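Here the structure is laid out as structure tokens; the discussion comes afterwards.
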Ligand code: STX
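In our numbering, the protein residues as written are 111 to 440.
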């Protein structure tokens, strides 16, 4: 492991990410046609945790290692089917929410972990709830951010009419790959391009799809974020996988499957914290609010001057703080 700070650094009273964390082990989980990359960071004898990245299709970056105090946590970070360092890149075959839920449990068993803290933001929050509701006995605590329940109104907000009004200049770019007469259902029109064999058009559309999300994920303009979302290899898997999950409505039985009181009953006993940016344009706070109404046992922490990204200063602080609080249970 490289050098790291003993304590999360307080910068202007905000915790910031641990730096220079290298995995002490890594490998692949092989299931069906997929090779799923995973790595373990921190203290092999620390509190087990798993990081669920967003998208779906976003992959886990090296930066996210820094949420977990390397002396206190043994964190497993993996790239979900078809993205990041997993192979085959961009594969949609055997790639559903329930496949990913199984992968998480397989990974836990492979690593001889009995229970772990589940940490997920955005699509990672969706997947965290799907996993916890399927395997409640596997989960010790939940830390969720930027709540996304994959309901029609959330998808419409982001891909049809809503966020478009707040970022009209970025929206214009998102519309460009779609002819005017096909703009009545943008998610479907993008889907048609993604399943076509026009590789050039597909790549162009994937970049536009991905860039849209990168342009609106932070409260203030972050050009480096837009550049990284527009990188072609990242964009292709991200766009194809997100679109595949969204046109299939997340493979949920009904759109309230994850948020309903009945489902929450299965996980109510698990200590949980929800961190939500007030000005999250990707996953508006209404969803976190609705979730917390059905789940008053979970602590809702509002970051008052933040957008969607886990790297917003307040959000990073609250996430690190939430993790630290859960180590005090031991
Ligand atoms: N997708 C939201 C989401 O889960 C609608 C997400 N947005 N950006 C990301 O994830 C990454 C940071 C993983 C790229």
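Quick reminder that beta carbons are idealized off the backbone N, C-alpha and C, glycines included. Owing to the predicted nature of the structure, the values given are computational and were not obtained by experimental measurement.
Pull up the CB-CB distance for residue 336 and residue 193, whole angstroms please, since I reckon it's below 8 angstroms.
-> Not really, about 19 angstroms apart at Cβ, beyond 8 angstroms.
Identify the residues that DSSP records as bridge partners of residue 144: which are they?
-> 141
For the region 260-316, which segments carrying the alpha helix (DSSP H) assignment without a break, of at least 4 residues, lie completely within its bounds, in sequence order?
-> 262-269, 273-276, 278-285 and 296-304
Find out if the Cβ-Cβ distance for the pair residue 354, residue 387 is shorter than 8 angstroms.
-> no
Residue 356 to residue 156, Cα distance in whole Å?
-> 36 angstroms
Would you kindly check if the distance between the Cβ of residue 249 and the Cβ of residue 221 is under 8 angstroms?
-> no
Does the beta carbon of residue 415 fall short of 7 angstroms from some heavy atom of the ligand STX?
-> no
Going by DSSP, name the residue or residues bridged to residue 150.
-> 135 and 186
Should residue 228 be listed as close to the ligand STX, given that the test is whether its C-beta is under 7 angstroms from any heavy atom?
-> no
Please determine, among 232, 273 and 217, the residue with the shortest C-alpha to C-alpha distance to residue 226.
-> 217
Smallest Cα separation from residue 359: which of 306, 259, 223 and 385?
-> 259
When the Cα of residue 276 is compared with those of 124, 319 and 394, which residue comes out closest?
-> 394
Can you tell me which of the three DSSP states residue 405 falls into?
-> coil
Residue 232 beta carbon near the ligand STX (any heavy atom closer than 7 angstroms) = yes
With residue 348 and residue 320 assumed to form a contact (beta carbons below 8 angstroms), what rounded beta-carbon distance in angstroms separates them?
-> 5 angstroms
Which first and last residues belong to the beta strand (DSSP E) in which residue 211 is found?
-> Counting along the chain, residue 211 falls outside any beta strand (DSSP E), though it belongs to the alpha helix (DSSP H) covering 207-220.
At a cut-off of 7 angstroms, is residue 340 close to the ligand STX when judged by its beta-carbon and the heavy atoms of the ligand?
-> no
For residue 159, which residues does DSSP report across the bridge?
-> 185 and 227
When DSSP labels each residue in this structure, what does residue 432 get in the three-state scheme?
-> helix
DSSP puts residue 197 in a beta bridge; with which residues?
-> 145
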